[in-house]
Amino acid sequence: MTKASNESTRPVSSQASRKTRLHIFLGAGGVGKTTLSASLAIHLAFQGRKVGLLSIDPAKRLKTALGAGDIDESGQIFWQKGHDNKLCSKEQNNHGQLRAAILSLPDSLKRWIRDEGLEGDHEETLFSHPLFQTVAEKIASATETLAPIRMAEWTEQFQDTDDLIIDTAPGIHAVDFLIRPERLLAFFDSKILEWLKWFAGGDEESAGFIQKMVRGGAKQILKALGKVGGENILLSLGELLLMMDKVMFRMVDRLEEARQWIRHESTDIVIVCSPRDDAISVARELSKILTENGMNQSRILLNRSIPESFFDDQEVTGLYQTTEFPADNFENLFRHYLQSAHSIRKSIMARLGETKVTEVPVLSGLEEAGDLRLEELDRLGRSVRSSV
Amino acid sequence: MTDQNQTDTEAQQGSLPVVIFFLGKGGVGRSTAAASFAYDRSVNHHEKVLVVQWSIKDMVSPLLDGKEAGHKHVEVLPGLFVMNYNADEAMREYFVEHLNMGMFYRFVLENQQVQKLIHAAPGLEELFFLGRLFWLVELAKEERGIHFDRIIIDSPATGHGTALFGVAATISRFKLQGPLVSETTRVAGMLEDAAKVGTAIVTLPEELPVEETLEMIPKIEADLNRPPLFILLNRSLTPLLLGGILTSTQFSNEFNNRCRSLTNPTSRITIEAVQGDLARRLEYEKKLRESVSIPVIAMPDQMIVAPDIGGVHRIAELSKSFARVSQ
Chain A
395 MTKASNESTR
405 PVSSQASRKT
415 RLHIFLGAGG
425 VGKTTLSASL
435 AIHLAFQGRK
445 VGLLSIDPAK
455 RLKTALGAGD
465 IDESGQIFWQ
475 KGHDNKLCSK
485 EQNNHGQLRA
495 AILSLPDSLK
505 RWIRDEGLEG
515 DHEETLFSHP
525 LFQTVAEKIA
535 SATETLAPIR
545 MAEWTEQFQD
555 TDDLIIDTAP
565 GIHAVDFLIR
575 PERLLAFFDS
585 KILEWLKWFA
595 GGDEESAGFI
605 QKMVRGGAKQ
615 ILKALGKVGG
625 ENILLSLGEL
635 LLMMDKVMFR
645 MVDRLEEARQ
655 WIRHESTDIV
665 IVCSPRDDAI
675 SVARELSKIL
685 TENGMNQSRI
695 LLNRSIPESF
705 FDDQEVTGLY
715 QTTEFPADNF
725 ENLFRHYLQS
735 AHSIRKSIMA
745 RLGETKVTEV
755 PVLSGLEEAG
765 DLRLEELDRL
775 GRSVRSSV
Chain B
6 MTDQNQTDTE
16 AQQGSLPVVI
26 FFLGKGGVGR
36 STAAASFAYD
46 RSVNHHEKVL
56 VVQWSIKDMV
66 SPLLDGKEAG
76 HKHVEVLPGL
86 FVMNYNADEA
96 MREYFVEHLN
106 MGMFYRFVLE
116 NQQVQKLIHA
126 APGLEELFFL
136 GRLFWLVELA
146 KEERGIHFDR
156 IIIDSPATGH
166 GTALFGVAAT
176 ISRFKLQGPL
186 VSETTRVAGM
196 LEDAAKVGTA
206 IVTLPEELPV
216 EETLEMIPKI
226 EADLNRPPLF
236 ILLNRSLTPL
246 LLGGILTSTQ
256 FSNEFNNRCR
266 SLTNPTSRIT
276 IEAVQGDLAR
286 RLEYEKKLRE
296 SVSIPVIAMP
306 DQMIVAPDIG
316 GVHRIAELSK
326 SFARVSQ
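Protein chains in written order, with the working numbering: chain A, 395 to 782; chain B, 6 to 332.
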């Protein structure tokens, strides 16, 4: 963002950020996470709320789902009341707004560094540092781990946000984002940072007796590490850390803020699945991991479900017909599938068991990418929200 | 089943590499494909097979009705072993058992602060993953009498999946010294060897997975200097149709009229949506097959054929998809 928005960037008190409700979408690939999260965002904005939508989806599906052109990481306004009044609710005080962003942490990282205003040519030195480049690459490949930092930054930048909706990367790994932001936090907050900075030529003179003792021990450890991997890497790492000192301070603050926020009782964790074996396994696993980590506020959304009432319709069951495989034609496969779909439904419901499940019925036409219009997303979003 | 499949699998003549990385985004059924392929190799080809994962949880053993495995491999079915890589365990093995640096490990690497550094350091966990693999392929027989004919890697879904292949380059940028350098060099050597390491992409006949597969192929070619061995297409309909990929997705007029004249509008819409979903699966499989020159092996959607059969029986059924993969 611009310098101006950064000036308002002060450590936000925990209380302030709770004003914003967090919605996190998890689930296997291809279950419709991006579409459903975008639809909830549109729906809430149409209802007059100020909404942020942050997509972690590396597939950049958000653009397609919103039918928009380029969306970057900064959080630009994608829609606001007044642009198309007929679409949103007619209430007087409707200030509905949607800001959308696609997470790109290497870009965010550069922005954070620029925001700190490094002296002289330090910025260039830093960006061309091989370790920085690798760190940026690593960050890009482990986006979900660092996403909480961007999430916490959002409420600093846009303090009037009512709802922030996060669309995560597919699969079980995205849960790291929820249960282990502290893993990264631990590193940023650890003594070894101090050691490395000092190793690379930090503030030796000011050290007191005890610090010197500790550093004596640290030196031994670093020397030993140097024997395994070489001292070059430790020196480089130390240099990098020195240059990024301020940025990292802020990252630590934001991670801590995010950690508390994710665990707040108002946070809405939506596990999306579809009637597919592996998607169900992923959903069950996610739900289990969350419960084990004391996060009980999750719910399961079964997307593209074929509702029970469909199978109660006698005209429908009249279409059933079993076939030997391979089937002669598409029609026979389809008629067999209708019958199997009922069994699939029963087994899915049994597997999801006790968990609270909301169904989003399969709807013709909605599955085609790029076809979605805002009205349709709004309609879909209503069913996503109604289960809140 | 179809001519298409025939040519695909014929292209597989020649022997498979020892290690095959199964790559693919989360939710495409990578673990199912890995389990089915491993089942085929062990049951039908009498090979000793190991499935290696790097995941929060072992997802493969449950598919075979087995108990969850940890870092140490477990024999889930006769000749079929499963393990779930753990970076901490691998580092301990490497320093304590392999380099005989037990003291170093206990006093330096187990230091809480150093642990934090290790977990955050770029490429290190990946290097140890590949190092563990190298050990299994090249050293385990001599050191421990452990040998596997085939090692299937159920690669991590995000990030490290393909990042694994770039790890040597990452590490070499830092002018490292000492044992980690030789580790990196020999791991890179193993990855370069087409007789030892190959890749397979697991995907679905849907829009995004197909798109991602088409993007992944050139990346793999750039990293490894060779294309993937084959593509495994989960939830395919073509093996279930006599006409395979050429089947028309039109209904007969009579049946079409019955669907269109359903009284309940919701039922009518649902029918249309289901028909659209099945038709699109054929369409995307066609698109995939037209866009790639590497073999595509279709794994039938078993949920349609036998929705009530799960666990190892389903995997056994799916393993038949590999019947024509040679050797």
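Every residue gets a Cβ at the ideal spot worked out from N, C-alpha and C, and that includes glycine. The structure presented is a predicted model; accordingly, all values stated were derived computationally and were not measured.
query	result
Taking the alpha-carbon positions, what's the V569/A to F260/B distance?	45 Å
Drop a sphere of 10 angstroms on the beta-carbon of H165/B, count the other beta-carbons inside from all chains shown, and report buried for 16 or more, exposed for fewer.	Reliability of the predicted coordinates at H165/B is poor, the pLDDT of 48 falling under 50, and the value obtained from them is presented with this limitation in mind. Buried is the call here.
Using alpha carbons as the reference points, say which of T414/A, S630/A and V710/A lies closest to T275/B.	V710/A
Please name the residue in L242/B, E102/B and L267/B whose C-alpha comes closest to that of D722/A.	L242/B
In terms of residues, what are the limits of the beta strand (DSSP E) holding S241/B?	F235 to S241
Mapping DSSP to helix, strand and coil, what is V33/B?	coil
Measuring CA to CA, which of H489/A, H516/A, N488/A and G469/A is closest to D344/A?	With chain A represented from 395 up to 782, any question about residue 344/A goes unanswered, as that position is not in the structure.
Pairing CB atoms from the stretch 409 to 428 of chain A with CB atoms from the stretch 31 to 41 of chain B, are three or more of them under 8 Å?	yes
Unbroken alpha helix (DSSP H) runs of length 4 or more, entirely within the stretch 43 to 91 of chain B: which are they?	65 to 68
Check the Cβ-Cβ distances between Y731/A and every residue of chain B, and say whether any is below 7 Å.	yes
Report all residues from its chain with a CB closer than 6 Å to the CB of A435/A; omit the five preceding and five following residues, and keep chain order.	V445, L447, L492 and I559
Check T204/B in the structure and name its three-state DSSP category.	strand
Please name the residue in P184/B, D282/B, L213/B and D306/B whose C-alpha comes closest to that of A38/B.	D306/B
Sort A174/B, P270/B and T204/B by Cα distance to R191/B and report the nearest one.	A174/B
Counting only beta-carbon atoms, is S681/A nearer than 7 Å to chain E?	The structure shown contains no chain E; its protein chains are A and B.
Given the structure, does F728/A come close to the ligand HEM, in the sense that its CB is under 6 Å from one of the ligand's heavy atoms?	Looking at this structure, you won't find the ligand HEM or any other ligand, since it has none at all.
By how many angstroms is the C-alpha of L746/A removed from the C-alpha of V754/A?	15 Å
Would a C-beta distance cut-off of 7 Å place W59/B and P184/B closer than the cut-off?	no
Could you work out which residues of chain A lie near Q58/B, taking near to mean beta carbons separated by less than 7 Å?	Residues of chain A passing the Cβ test: none, with the nearest at roughly 11 Å.
Along chain B, which residues have their Cβ under 7 Å away from the Cβ of S734/A?	M308, I309 and P312
On the DSSP letters alone, give me the boundaries of the beta strand (DSSP E) that L757/A sits inside.	Where L757/A is concerned, there is no enclosing beta strand (DSSP E), given that its DSSP letter is neither H nor E.
Using the Cβ count rule (16 or more neighbours within 10 Å means buried), how would you classify D639/A?	exposed
Would you please state the rounded distance, in angstroms, between the beta carbons of A546/A and W655/A? I believe it to be under 8 Å.	7 Å
Closest to E98/B by CA distance: which of P300/B, F133/B, M64/B and E288/B is it?	F133/B
Let me see if you follow: with CB-CB separation under 7 Å, is P564/A close to chain B or not?	yes
Between the stretch 414 to 446 of chain A and chain B, which residues of the former have CB atoms less than 7 Å from a CB of the latter, in chain order?	A422, G423, G424 and V425
Ordered along the chain, which non-local residues of its own chain (more than five positions away) have a Cβ less than 7 Å from that of G171/B?	D228
Taking CB distances under 7 Å as the criterion, tell me whether A652/A reaches chain B.	no
Using the Cβ count rule (16 or more neighbours within 10 Å means buried), how would you classify T366/A?	This structure cannot settle anything about residue 366/A, because the visible part of chain A is limited to 395 through 782.
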